[in-house]
Amino acid sequence: MRTKKIFIYLLLTTYFLLLCACAFPRIIVLDDPLSPEEHLNLGVTYEKNGELDNALKEYQVASKKLPVAYLYMGNIYFQKDEFDEAESCYKKAIKKEPENADAYNNLAWLYFIERKNLDEAERLVSKAIELNPAKKNIYHDTLDKIRAFKNP
Numbered sequence: 002m003r004t005k006k007i008f009i010y011l012l013l014t015t016y017f018l019l020l021c022a023c024a025f026p027r028i029i030v031l032d033d034p035l036s037p038e039e040h041l042n043l044g045v046t047y048e049k050n051g052e053l054d055n056a057l058k059e060y061q062v063a064s065k066k067l068p069v070a071y072l073y074m075g076n077i078y079f080q081k082d083e084f085d086e087a088e089s090c091y092k093k094a095i096k097k098e099p100e101n102a103d104a105y106n107n108l109a110w111l112y113f114i115e116r117k118n119l120d121e122a123e124r125l126v127s128k129a130i131e132l133n134p135a136k137k138n139i140y141h142d143t144l145d146k147i148r149a150f151k152n153p
């Protein structure tokens with residue numbers, strides 16, 4: 002008798018769930034309510050809170066319209082020690098926005114950390130200094146470290 006009650010309960014529960022699934026309307030969002038800039042800002046917030054994967058998702062959405070998002074994505078990959086992905090993002094940032102001095106500097110820093118392409122790293126950071134002299138002191142730190150390592 003108990004088995005029969007359980008079976009009837011399961012049958013009724015399944016029927017109810019199927020009925021409810023069909024009875025409730027589904028909401029489908031066709032347009033993203035956030036602008037690319039808002040996705041970028043949301044990504045920054047996630048990044049500040051240490052939620053790197055969520056930040057990366059927001060930057061990826063923003064990158065469809067904002068080339069600077071590739072710089073932010075590169076920074077996330079760098080923090081995650083995923084250097085190949087970081088390098089790829091920094092290169093995309095430079096290709097899509099050749100005046101972005103930070104992308105040049107960050108790619109140079111990545112090369113310095115990996116101890117590879119140091120001549121290229123020196124060229125990249127020099128380009129960053131040329132593009133944005135206002136950040137000369139920051140970029141010179143990268144350049145000085147590269148040169149000190151190359152010429153001990």
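Numbering (my numbering), first residue to last: 2 to 153.
Cβ coordinates follow ideal geometry from the N, Cα and C atoms, glycine included.
Exercise. Where does Asp-32 sit, in a helix, a strand or coil, going by DSSP?
Worked result: coil
For this session: Note down the Cα distance separating Asn-106 from Lys-93, rounded to an integer number of angstroms.
Result: 14 Å
Exercise. Where in the stretch 75-127 do unbroken runs of the alpha helix (DSSP H), each at least 4 residues long, occur, reported from the N-terminal end onward?
Worked result: Counting only runs that start and end inside the stretch 75-127, the alpha helix (DSSP H) elements of at least 4 residues fall at 84-97 and 102-115.
Exercise. Nearest to Leu-57 by CA position, among Ala-87, Thr-143 and Ser-36, is which residue?
Worked result: Ala-87
For this session: Take the Cβ of Lys-49 as the centre, count every other Cβ of all protein chains shown within 10 Å, and call the residue buried at 16 or more, exposed below.
Result: That one is exposed.
Exercise. For Val-69, which three-state DSSP category applies?
Worked result: coil
Problem set entry | Distance, Lys-66 Cα to Ile-139 Cα | 28 Å
Exercise. Taking just the CA atoms, how far does Val-62 sit from Leu-111?
Worked result: 24 Å
Problem set entry | Contact check, Ala-70 vs Leu-108, beta carbons under 9 Å | Note that the C-beta distance between Ala-70 and Leu-108 is not below 9 Å.
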